[in-house]
Structures are given as structure tokens and as C-alpha cells.
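See structure below.
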Amino acid sequence: MSQTRLGRLTSIVIYSLCLLICLSSLAYGASVSADYKKGYDSFSALTKNAKRAKYRSNWKQLEESFMAIYKRDPKGAYAPKALYFAARVNEELGKRSFLPSDYQTAAEYYQRTVRLFPKHSWADDCLYRRAELLHEKLRDTDGAIADLNVILRDYTRGDMYNKALALHRELRKGGTPAVEAPPVVSRSAEKVSRPAVSSSSKASTSTSVSELSDIRFQSSNEYTRIVLTVSEQPTYHYQILPADKARGLPFRLYIDLMNVVRGNDVPSEIDVKDGILRQVRTGTPSNGATRVVLDFQSMQKYNVFVLDNPYRVVIDVTAPAGGTSVVTAPESGSKTASAPKKEAPKESAKSSAVAKYKAPPGSKKQVGELIEQLGLTVKTIMIDAGHGGKDPGANANQIREKDYVLKVATMVGEMLKQRGFTVLYTRRDDTFVPLEERTAMANVRKADMFLSFHINAHRSSGISGLETYYLNLASSKSAVRVAARENAVSEKRISDLQFILTDLMLNSKMQESKDLASLIQKNMVGTVKSGGYSVRDNGVRSAPFYVLMGAKMPSVLVELGYCTNKEEARRIRSDKYLKKLASGVVKGVESYTKQLGRYASM
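Each residue of the sequence shown is one higher than the one before, counting from 5 in the working numbering.
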């Protein structure tokens with residue numbers, strides 16, 4: 005086929021795809037609009053129906069409806085409105101349940117709306133309603149003042165300005181509004197240009213002082229994860245500051261940890277100069293608070309969230325490809341800074357293929373580059389043996405989870421090496437590696453796949469079987485139980501964690517991870533059965549696992565059986581059986597890579 009005909013054919017295909025996408029988008033938009041109107045009408049009706057409003061399930065079902073609208077089109081016109089009404093639902097529920105946790109959930113929804121949509125006309129409404137909740141229901145007056153400061157600083161023309169001014173004066177007992185954050189009293193001083201975004205992981209009813217005991221980080225040219233370990237559940241405020249060339253200041257993200265003191269082992273300055281993270285500094289902007297300032301060479305997106313047992317604040321930062329582009333001015337209160345001229349590749353294969361494709365000449369090279377950008381190749385695989393060191397994992401019937409998952413991880417790694425893959429490990433011996441550092445290691449090393457191995461346990465010795473998980477909201481009570489055990493937290497905490505997860509999932513390889521999990525589960529069960537073993541197929545499930553959070557590649561968690569079941573434990577103690585499990589996992593990986601190869605050839 006001539007270059008001219010190929011070019012014309014390519015143009016026709018791209019035009020057809022664009023037309024199909026446009027038509028689909030119109031129909032999809034109409035559907036979202038109709039669902040939003042239905043949700044709004046249901047909310048209005050429920051607030052007026054005292055009998056139905058008594059039942060918690062009615063409110064939570066309505067919350068799920070609004071979140072479904074948001075997740076279907078997280079950047080669409082109805083996304084901020086859906087988040088706003090998810091907050092209103094929980095606020096109304098709190099009025100009836102009198103539970104602080106419902107008000108806290110509402111406050112977090114309001115905060116998320118402002119963070120993701122700072123320029124939306126409802127942003128100042130969210131800030132004001134959140135300030136009222138923090139002050140009146142959650143006893144967090146400092147947090148309320150911080151939110152009012154944002155209105156007085158950034159929303160002077162909004163309809164909430166006068167209300168915010170009046171409430172601000174009331175809370176400060178007639179004082180003049182102080183819309184500047186307090187300066188840091190130390191060499192690490194940072195005077196901020198606008199107030200910080202506030203986040204309380206619980207109502208600020210406690211005056212006990214917590215300690216910042218450790219600062220850890222993993223950094224590369226395109227990604228950094230910083231972990232701040234504190235002794236008590238933290239309340240914190242954070243803000244992104246743009247680079248200031250005139251003053252020689254880089255991009256900075258600071259976090260104020262309220263009622264926290266710096267531990268003796270935490271230095272005031274840590275020079276990193278590795279990847280995009282340049283320096284970490286700590287200071288004391290006000291009594292009872294510790295400020296951690298992170299200096300970055302470049303920045304594009306960031307996420308801040310809290311994990312517990314132990315409590316730690318996790319900051320994920322990504323930069324444009326190469327890590328050298330400059331972001332000129334991040335938007336107020338937003339997680340995503342203003343994009344540089346050369347943006348990083350998008351996650352969506354369909355949209356990227358249309359946008360990135362160029363007709364010949366040189367098409368073969370361009371297609372090869374495109375395939376890599378879309379993640380349609382798997383060269384490097386990070387293998388994670390769960391637990392380790394001071395964390396033994398499940399322990400029953402002569403099995404310590406940390407020992408046997410390391411065996412399987414090594415077997416899988418050797419088999420993958422024989423097939424030409426580059427294999428990396430989170431641990432090769434009996435070493436403790438914090439859960440949040442495992443995916444960070446994979447991100448920093450730019451792995452194309454992440455496999456985490458575990459052995460299950462259950463109160464009932466009759467439960468057995470194999471199952472494979474990917475990161476998403478919990479798909480069942482059983483998934484909640486497994487996630488709670490692997491995260492070393494309570495099942496109640498897993499429910500709270502689902503809120504955090506919604507934001508993290510927007511940029512994760514969810515569908516790819518689900519596909520990978522399905523192929524690994526299918527091949528693992530099939531290989532074990534072909535070896536003469538009778539095994540229960542528990543299928544593919546989703547749950548919010550700490551160890552999978554923030555992964556930028558397809559990632560799964562494989563449960564290799566139940567050590568609390570005597571028969572399954574006996575098998576797991578056999579190297580012959582473990583090799584069958586490992587072989588099935590590797591076949592699943594090969595099936596996934598072949599599937600990607602078919603996509604690439606198309």
C-alpha cells in the first residue's frame with residue numbers, strides 16, 4: 005500500500021473515531037444530566053419525607069448515586085455538583101444521626117469539591133458550609149477560620165463573601181481578618197501567598213500533642229512519595245506554592261501538622277537532590293504546629309492522604325516526563341498544577357491514540373513510541389512478597405505468611421526472568437518494608453507491572469481457596485475483611501478509606517489491573533487443578549489495599565490460599581504445590597502480555 009493511500013486511510017479511521025466519540029459523548033452527557041436531575045429530585049424529596057429520612061440506608065444509597073455520577077465523568081459539568089450534593093446528603097444525615105463521623109464525611113466532600121474545582125461557582129458555597137460544620141459540629145474552629153480565609157482571599161466576588169466575613173469576625177471575636185498564613189519562625193521560613201487547604205482526619209476535640217517521628221521518601225525524575233509518620237491521628241493543612249524565579253525559590257508544597265512537635269531524630273533539613281524532590285525542611289509556624297516544606301524541581305499533580313497503624317501523612321507528587329519542565333502557577337486549592345506546554349501522556353488509550361497518532365513517514369517508529377506511552381508493553385515487573393521482618397503476617401498450621409510468600413515471589417521471579425522479563429523485588433530476605441513504600445518503589449523504578457503475594461486467614465477453618473484482588477472500592481464484606489487484615493486496620497477504617505480511594509482511583513490503571521487479575525486467577529486455578537489438586541476458585545475481587553495505592557502500573561494482590569485451613573496449609577508447605585501456584589501466576593502474566601501485543605498490533 006502506498007504512503008498516500010495509507011495516509012488517507014489513517015485520516016478516515018481517525019475522523020470516524022472522532023465522530024463516533026463525539027456522538028457517544030453527546031448521548032453520554034444527556035444520560036449524566038438526567039441522572040443528576042433524578043438525584044437532585046430524590047434529595048429534595050427525602051429531606052421533606054420525615055418517615056423515610058429516619059433510615060440511614062436511604063441517605064447512603066443517595067450518596068452512592070451522586071458518587072456514581074461523579075465517577076462516570078469526573079471532569080464533566082456535573083462532577084462538582086454531584087460532589088456537592090454528596091456532601092449535602094451526609095450533612096443532612098448528620099442532623100438525624102447526630103454522629104460526628106457523618107458531619108466529617110460531609111466536610112471532606114466539600115473540601116474535595118474545592119480542591120478539584122476551585123474555579124466553580126459553588127466552590128465558595130462549599131467552603132462556607134464546611135466552615136460552619138467544622139465550627140458548629142466538629143469543634144474545629146481553627147479549621148473553620150482557615151476555610152473562611154480562603155473565601156476572603158480568593159472569592160471576593162462570590163455570594164458567600166459577606167457571610168464569610170461576618171462569621172470570620174464572630175469566630176475571631178471582632179478581630180481583623182488574618183488571611184495570611186502565619187510565618188515560619190526559623191531558617192526554614194515560608195510566607196505563603198494564600199491560605200492553605202485544610203484537612204481534618206477527625207474532629208479536633210483533642211488537645212494532646214503528637215510527635216513527627218520520621219520522614220521517608222522515594223523519588224525519581226517523574227514521581228516522588230513522601231511519608232510523614234506521626235504518633236496520633238493527624239489534623240493538617242497543606243498548600244502548594246509556585247516557583248519564584250526572582251527569589252530563587254523552587255516549587256514548594258508545605259504541610260502544617262496541627263498539635264505536632266518534631267521528634268529528636270527528625271532533622272530540620274534533609275538535602276535530597278534525587279529526582280524531582282530537592283529538599284525537605286521543617287519549622288514551627290505557630291505554637292503547637294510543625295510545618296514540613298517540600299522543595300521540588302518540577303510539579304504537575306499531587307495527592308495528600310492519611311493512612312493509619314501507624315498514622316502517616318502520604319504525599320504523592322508527579323512531574324512532567326523528564327522532570328525538568330516548569331509549571332508556572334498552580335491553581336488555588338487544586339491538586340493539579342497548571343499543565344506545562346508538553347503534557348505527560350494521558351491514561352486513556354483511545355483518546356491518546358487519536359491525539360498522538362501521526363501519519364507516515366516514520367510511522368513505524370511513532371507507533372512503537374505510542375505503544376510504550378500507552379502502557380502496551382511489559383518489560384519490567386516488580387514482585388512484592390507481603391509482610392516481612394517485624395510483620396509476620398498470618399500465622400497458623402506451621403505457616404508464617406512472610407516466609408512462604410517470599411518463596412513464591414522468588415519462584416515467580418525466576419520463571420519470569422527465564423522468559424525475558426526484567427524482575428525487581430521489594431524485598432529478597434526477611435526485611436520489613438512499609439506498605440506505602442512498596443508501590444512507591446515500583447513507581448520510582450518505572451515498573452510496568454506490580455505483583456503482591458499474600459496468604460489468607462479466616463476465623464473459620466473451613467474457608468479455603470485462591471483469590472486475586474485489584475485496587476477499587478470493596479466488592480464484598482469478605483473483601484473488606486481481607487483488606488482490613490492486610491492493611492492491619494479495623495474493618496471500620498476500610499469504610500473510611502473508601503473515601504480517600506475515590507480520588508486516587510481516577511489516575512490508576514484500574515481496568516488494566518482488573519484484566520490482569522482475571523488472567524492470573526484463571527491461569528493459577530487452572531494450573532493447580534491440572535496438577536491434580538482440588539481447589540476452590542474464589543474469583544477476582546476488589547478492595548482498598550494500602551500496598552496497591554498510588555501504583556501507576558497494572559497492579560494486583562494474589563492470595564495464595566488460607567493457612568487457617570489444615571488441608572490448604574499442608575499444600576502450601578509443599579514446594580511442589582507452590583511451584584504450581586507460581587507457574588499459574590506466570591502463565592497469567594504471559595496471557596496479559598500477549599493480550600497487550602494483540603492490542604498493539606491493531
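For glycine and all other residues, C-beta sits at the position ideal for the given N, C-alpha and C.
If you run the structure through DSSP and keep just helix, strand and coil, what is Thr180?
Note on Thr180: pLDDT 39, under 50, position unreliable in the model; no value is reported.
Is Asp151 buried or exposed, if buried means 16 or more other CB atoms sit within 10 Å of its CB?
buried
Which whole-angstrom value is the C-beta distance of Ile319 and Leu257, which I expect to be below 8 Å?
7 Å
Locate the alpha helix (DSSP H) running through Asp128, then write down its first and last residues.
Ala127 to Glu136
What's the C-alpha gap between Arg60 and Arg463?
30 Å
So Trp63 packs on Leu97, CB below 8 Å; how close in whole Å?
Confirmed, Cβ separation roughly 4 Å.
Quick check: what's the CA-CA separation for His241 versus Gly601?
45 Å
Check for me: the beta strand (DSSP E) holding Glu471 runs from which residue to which?
Leu470 to Leu475
Looking at C-alpha atoms only, which residue of Pro78, Met453 and Lys42 is the closest neighbour of Ser517?
Of the listed residues, the one whose Cα sits closest to Ser517 is Met453.
Less than 8 Å between the CB atoms is what I'm expecting for Leu561 and Ser456, so what's the real figure, rounded?
5 Å
Take the Cβ of Thr597 as the centre, count every other Cβ of all protein chains shown within 10 Å, and call the residue buried at 16 or more, exposed below.
Only buried fits Thr597, as 16 or more other CB atoms lie within 10 angstroms of its CB.
Where the alpha helix (DSSP H) containing Ile155 begins and where it ends
Thr145 to Asp158
Does DSSP put Ile219 in a helix, a strand or coil?
strand
Can you check which of these residues, Gln115, Arg119, His124 and Ser595, is closest to Tyr82 by C-alpha distance?
His124
Could you name the residues that DSSP lists as bridge partners for Tyr227?
Bridge partners of Tyr227: Thr322.
With distances taken from CA atoms, which of Met71, Thr145 and Asn94 is nearest Pro84?
Met71
The segment 292-310 / the segment 258-267 touching (three or more Cβ pairs under 8 Å):
Judged by Cβ distances under 8 Å, the segment 292-310 makes contact with the segment 258-267, as three or more pairs qualify.
Would you decide whether Ile161 is buried or exposed? Buried here means 16 or more other CB atoms lie within 10 Å of its CB.
Note that residue 161 is Arg in the sequence shown here, rather than Ile. Label assigned to Arg161: exposed.
Report yes or no: do the segment 542-552 and the segment 518-529 share at least 3 C-beta pairs separated by less than 8 Å?
yes
DSSP state of Ile385, grouped into three classes?
Note: Ile385 maps to strand in three-state DSSP.
Does the separation of the CB atoms of Thr145 and Tyr227 fall below 8 Å?
no
Give the straight-line distance between the Cα atoms of Met303 and Ile244, rounded to the nearest whole angstrom.
10 Å
Whole angstroms is fine: what's the gap from Arg489's alpha carbon to Asp39's?
37 Å
Would you check if there are 3 or more beta carbon pairs closer than 8 Å linking the segment 468-478 to the segment 422-436?
Output reads no: the segment 422-436 does not touch the segment 468-478.
Cut-off 6 Å between Cβ atoms - residues of its own chain near Ala398, not counting five sequence neighbours on either side:
If we look at Ala398 and ignore the five residues flanking it on each side, its Cβ neighbours are Glu405, Ile459, Ala461 and Cys567.
Euclidean distance between Cα positions of Val593 and Ala413
Roughly 14 Å between the two C-alpha positions.
In terms of residues, what are the limits of the alpha helix (DSSP H) holding Ala487?
Lys481 to Asn491
Just list the residues that DSSP pairs Gly392 with in beta bridges.
Asp395
So, under 8 Å CB-CB, Val551 and Arg442 are touching, yes? Tell me the CB distance rounded to an integer number of Å.
With a contact defined as Cβ atoms closer than 8 Å, Val551 and Arg442 qualify at about 5 Å.
According to the neighbour-count rule (16 or more other Cβ atoms, all chains shown, within 10 Å of its Cβ), is Ala359 buried or exposed?
With a pLDDT of 37 at Ala359, under the threshold of 50, the predicted position of this residue should be treated as unreliable, and no value is reported.
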